[in-house]
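A.B. asks: This is the structure I have questions about; it appears just below.
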Amino acid sequence: MDQDAVLRARALLLSSNRRVLRGPEALWVYRVLTQVGPEVYGSKLAYVLVEASRSARVSELPQVRLALLDEAVEVAQALDGANPFRAKVLANAVDARRQELTDSVGGATTQAKEPHG
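Using the numbering used here, you'd call the opening residue of the sequence shown number 1 and step up by one each time.
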């Protein structure tokens, strides 16, 4: 692990006045810090991954949204069963992924039924 990256991530996190860092930097920060402290930062990473999947930046990119949600589920599943946030973030990630898949299938079905003109 790149110790400079860990130090930069911690500095960004400490400079924030929020309980959970948000925005594009949040993904990078929590991905880096989860590598060094998965039980401390994994639940926050799973949370911001789900949040990122709902971002306007990826609204037209279903594969990216699904990849973010797959990562969120994977991170949440990796948390120890004793982690007090595991159940909540895992349920949130699984629900968001299920909804994404449902929306994707529904969108494909709707597009297939629309006449091309």
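For every residue, glycine included, the Cβ atom is placed at its ideal position computed from N, Cα and C.
Quick check: what's the CA-CA separation for G42 versus G106?
C.D. replies: Each residue's Cα considered, the two are about 31 Å apart.
A.B. asks: Compute the Euclidean distance between the alpha carbons of A9 and Q99, then round it to the nearest angstrom.
C.D. replies: Rounded to whole angstroms, A9 to Q99 spans 31 Å at the Cα level.
A.B. asks: By how many angstroms is the C-alpha of M1 removed from the C-alpha of V75?
C.D. replies: Roughly 18 Å between the two C-alpha positions.
A.B. asks: With a cut-off of 8 Å on the beta carbons, I'd call A5 and V40 a contact; round off their distance for me.
C.D. replies: Actually they are not in contact, since the Cβ atoms of A5 and V40 sit about 16 Å apart, beyond 8 Å.
A.B. asks: Starting from the C-beta of V14, find all residues in its chain whose C-beta is less than 8 Å away, skip the five residues before and the five after it, and write them out in chain order.
C.D. replies: In the sequence as displayed, the identity of residue 14 is Leu instead of Val. No residues qualify anywhere along the chain.
A.B. asks: On the DSSP letters alone, give me the boundaries of the alpha helix (DSSP H) that L68 sits inside.
C.D. replies: P62 to A78 is the span of the alpha helix (DSSP H), which, as asked, contains L68.
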